[in-house]
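Enquirer:
Protein chains in written order, with our numbering: chain A, 20 to 351; chain B, 6 to 288; chain C, 1289 to 1668.
#1: By the three-class DSSP mapping on this structure, what secondary structure does residue 122 of chain B have?
#2: I'd like to know if residue 28 of chain B contacts chain A, where contact means its C-beta is closer than 7 Å to some C-beta of that chain.
#3: For the alpha helix (DSSP H) containing residue 300 of chain A, list its first residue and its last residue.
#4: Measuring straight from C-alpha to C-alpha, what distance separates residue 1361 of chain C and residue 195 of chain B?
#5: Residue 140 of chain A lies in the beta strand (DSSP E); which residues open and close that run?
#6: Would a check of beta-carbon distances place residue 1296 of chain C closer than 7 Å to chain B?
#7: Does the stretch 1512-1529 of chain C come close enough to the stretch 1363-1374 of chain C that 3 or more CB-CB pairs lie under 8 Å?
#8: Can you name the start and end residues of the alpha helix (DSSP H) that residue 315 of chain A belongs to?
#9: Cα separation between residue 1648 of chain C and residue 1496 of chain C?
#10: Go to residue 173 of chain B, then tell me how far its alpha helix (DSSP H) extends in each direction, as first and last residue.
#11: Using DSSP with H/G/I as helix, E/B as strand and the rest coil, what is residue 286 of chain A?
#12: By DSSP, does residue 32 of chain B sit in helix, in strand, or in coil?
#13: Residue 100 of chain A and residue 129 of chain A - do their beta-carbons sit closer together than 7 Å?
#14: Indicate whether residue 232 of chain B and residue 136 of chain B have their beta-carbon atoms separated by less than 7 Å.
#15: Kindly identify the DSSP beta-bridge partner or partners of residue 1441 of chain C.
#16: Have a look at residue 1480 of chain C and residue 1499 of chain C and give me their C-alpha separation to the nearest angstrom.
#17: Using C-beta distances below 6 Å, list every residue in its chain close to residue 1562 of chain C, excluding the 5 sequence neighbours before and after it, in chain order.
#18: If residue 1612 of chain C sits next to residue 1577 of chain C, beta carbons under 8 Å apart, how far is it from one beta carbon to the other, in whole angstroms?
#19: Restricting to Cα atoms, I'd like to know which of A:174, A:175 and A:157 is closest to residue 168 of chain A.
#20: If we require 4 or more residues per run, which alpha helix (DSSP H) segments fall completely within the stretch 1552-1585 of chain C?
#21: Measuring CA to CA, which of C:1441, C:1470 and C:1580 is closest to residue 1431 of chain C?
#22: Grab the span of the alpha helix (DSSP H) containing residue 1322 of chain C for me, first residue to last.
#23: Should residue 354 of chain A be labelled buried (16 or more other beta-carbon atoms within 10 Å of its own) or exposed?
#24: Could you tell me whether any Cβ in chain A is nearer than 7 Å to the Cβ of residue 49 of chain B?
#25: If you compare alpha carbons, which of A:88, A:334 and A:45 is closest to residue 205 of chain A?
#26: Per DSSP, residue 108 of chain A forms a beta bridge with which residues?
#27: State the DSSP-derived secondary structure class of residue 236 of chain A, mapped to helix, strand or coil.
#28: Compute the distance between the beta-carbons of residue 63 of chain A and residue 118 of chain A, then report whether it is under 7 Å.
#29: Just to confirm before moving on: does the CB-CB distance between residue 116 of chain A and residue 178 of chain A stay below 7 Å?
#30: Tell me whether residue 1374 of chain C sits in a helix, a strand or coil according to DSSP, three-state version.
#31: Kindly provide the ranges of any beta strand (DSSP E) runs that are 3 or more residues long and lie completely inside the stretch 193-277 of chain B, ordered along the chain.
#32: Helix, strand or coil for residue 38 of chain A, going by three-state DSSP, please let me know.
#33: Where does residue 219 of chain A land, buried or exposed, given buried means 16+ other C-beta within 10 angstroms?
#34: Would you please verify whether the beta carbon of residue 1314 of chain C is less than 7 Å from any beta carbon of chain A?
#35: Could you run through the stretch 90-117 of chain A and flag, in chain order, every residue whose CB is less than 9 Å away from some CB of chain D?
#36: Starting from the C-beta of residue 1353 of chain C, find all residues in its chain whose C-beta is less than 7 Å away, skip the five residues before and the five after it, and write them out in chain order.
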């Protein structure tokens, strides 16, 4: 069988503008294929996706399987997973990778079930073991545990991949890839879900989840009045304000700002955490921050231990200090 | 009048705030962890309870069955579900089922449903449990039951033998319709769960309709072994290492702020997208 | 003999804890500082049966056993002793005497609103010249046609500022001078509420004086039979003591948990202070005393549910739990050092809250009297 080593990536063009997860996975697949052999292939379903097909080739896909049909214009989970399964059965790739967007997380489990194979969710890394098997590395308990998982006997080996995990390859406009166009099978199932409306509304405002700078505060800020200082700092820094659960419940700030298990997960370039001790429900949601500055009187608070820079001082005074320093030194 | 049957899948997970760690091996001593009902399962149950209440106002009857799989101690969450208003609870529990991955878990759940609740109208699941966080059991269960499924529902309206679901997935706001029987998973921000009233707890223990079902009663093969039969296998589990540089700054507020900008001014100004003067110097 | 909690008790604890942590804890420091009673939290507690824990279901209660009741009080008090106080007083000396001694008509008239939490209960015995000695009560009830006229001033009434159904201990002005308990609704003319006391602890509870001036109540508001006052008072107090014991236990538990966490975090001489034997000894003593205290509470509650005499058991539980709360909160402040003396940490509040558990619902000295009397009247 010529294709038994191929690595497939499901083309998630639906989320193309928000999450470049397909391109990121293609990059990793290229790296993996270097040790397993086989081709890196993208698979897309829909109608009028030629520009994405070109993008996939420019980002590492050697082959792209395309099913382009007006009947596929609207995304429908049953139709899409049926097609995916059909193609896998026909071409038998060794591995099938899917971006862990809502779209991918909805389709992948259905496909895995239809193919009677395993599936690992939301991987943050992929490796190849000495036996050439895919090692799927996935977090659980909000990132507090990491599991390494294999699919020893079933094929394809399937995993969904957390967006932002891998770096996409540099766009190569000269790359050549084979495009394989397939007709819609004649035995398509009737879709049992009717789409009444589907509106694409990319969120303009960055919001705390997408902000580059997030300033979070905990009870260590002292009071509602003192907590307000964080807004001033956020405005100066072009950042957003987040908070821990006790602070939100004390109505120092609205529920929208809650960072944690019951709220939002953030991944800013820099996070300033003021007066936060670091309950696990909170720390799980900030684990993806690139750089953490924590300010707390208690040097042994969990938050301080997980910080890149841990400032042992009064959160309030340091907040005022940073505000002053920026005001005095900002260059517009 | 036909009884409308809602089956809610719930799971007991370790209480995250009380994870007992073995600091030497960096693993979780799961047997010591206190259990609780998975937060997303609670939302699924809440959705079921609200549908039941809406129907009750119209004089229509609804039965809520909660189904779980886990060790015997997971009985607690079935009582909790009953306290909240579920009518009946089933715990699938057997050593042979321990260690099932999502593929096998959905297989086992489906086996029970097909056998005991073949006339179920609506299956509800959380969108992602707080322990393994896969979000895969719901869709795979639908596949096993050969029924359609909609994920991440923010709102469910029941209209006869059909549901209309609002959802916000990725950057799409969608309204979908699905004929029943079908499965819906509930978004993690939807259907804020209620607290059980103590009277409900008392009732749950007075009129227990909660049973445990083992592998044999499910008609599973005597050689069935969830660990062996799962298509995925866990090679190892570890706790991630903490950040390498854990620089500690101490001193007066002014001194630490100066130090912060001196050593990390570049990182701060690049994240801000603005230049700070005297970068690299004391400011 | 069973030492593991059953599934029901375990679940009740989890629900009470989750509610307290999520809904009460975020406000607790502020409530203490401002001496404010949180009506918003009370509204959330009402539908969950916090105010009808043991009232029968047909009257809107939860119909729980006494151990469950003690667990709920412990868990609320673990987060807010002041709210735990509100719950326990309302359920024990508010509702319980009406259920136990009230006529069918009284039970149906008063209990549903109380069990729903719409009418908070209070029990007033203490006066300027009467505390432990109930014989010193000067509040009088004068018999008139169809009722009684109550005159007097009660002090340090728990829940006083918000109470809707008040059990008043008064002496009837007849030859027998018998003690009686009257149920007074807060809208009776002649009833008024004094200033909220500025107390050392339990600051979120509206403890106040209550005034009765020519306050007229109908005959139907005399609880039980005429002359039963002392018996009602003592039975109410026995039940109340289980609740106060559970409350003290909750305070001790909170102080202990904070101390363990702090001892693991706080570094001195380049190591966590939990490595020092002195600190370990403190923690070991705290844990042992709390465990012993908890078993005493459950035993008293179990005796009550099995209709055994539980007066001595309740007094032992109350005495030991309140002493434990005092000792444990003291050690907790000591472990926290300077921070323990600061309002930045919760232990100073536990320390203030704990003291009064040795005073109200019968002082520690009175508990010893009760226990000793029980011992000495036993046939040998």
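Ideal Cβ placement from N, Cα and C applies to all residues, glycine included.
Expert: So, from the data block:
#1: coil
#2: For residue 28 of chain B, the pLDDT reaches just 45, beneath the cut-off of 50, and the residue's location in the model is therefore unreliable, although a value from the coordinates is still provided. No, residue 28 of chain B lies away from the interface with chain A (no Cβ there is under 7 Å from its Cβ).
#3: 299-302
#4: 31 Å
#5: 138-142
#6: Yes, because at least one Cβ of chain B sits closer than 7 Å to the Cβ of residue 1296 of chain C.
#7: no
#8: Taken as a continuous stretch (DSSP letters only), residue 315 of chain A belongs to no alpha helix (DSSP H), being part of the beta strand (DSSP E) at 310-315.
#9: When rounded, the distance between both Cα atoms is 14 Å.
#10: Residue 173 of chain B -> not in any alpha helix (DSSP H); beta strand (DSSP E) instead, spanning 167-174.
#11: coil
#12: Low local confidence applies: a pLDDT of 49 at residue 32 of chain B is under 50, so the model's placement there is unreliable, with the coordinate-based value given in what follows. Of the three classes helix, strand and coil, the one that applies to residue 32 of chain B here is strand, per DSSP.
#13: yes
#14: no
#15: C:1499
#16: 5 Å
#17: 1551 and 1552
#18: Yes, they are in contact, since the Cβ atoms of residue 1612 of chain C and residue 1577 of chain C sit about 4 Å apart, within 8 Å.
#19: A:157
#20: Complete alpha helix (DSSP H) runs here, min 4: none at all.
#21: C:1470
#22: 1313-1322
#23: Only positions 20 to 351 of chain A appear in this structure, which leaves residue 354 of chain A out of reach.
#24: no
#25: The residue with the shortest Cα to Cα distance from residue 205 of chain A is A:88.
#26: None; residue 108 of chain A has no bridge partner.
#27: For residue 236 of chain A, the three-state secondary structure derived from DSSP is strand.
#28: No, the Cβ-Cβ distance between residue 63 of chain A and residue 118 of chain A is not below 7 Å.
#29: yes
#30: helix
#31: 215-218, 238-243 and 252-255
#32: coil
#33: Exposed, because fewer than 16 other Cβ atoms sit within 10 Å of the Cβ of residue 219 of chain A.
#34: yes
#35: As a matter of chain content, chain D is missing from the structure shown, whose protein chains are A, B and C.
#36: 1593
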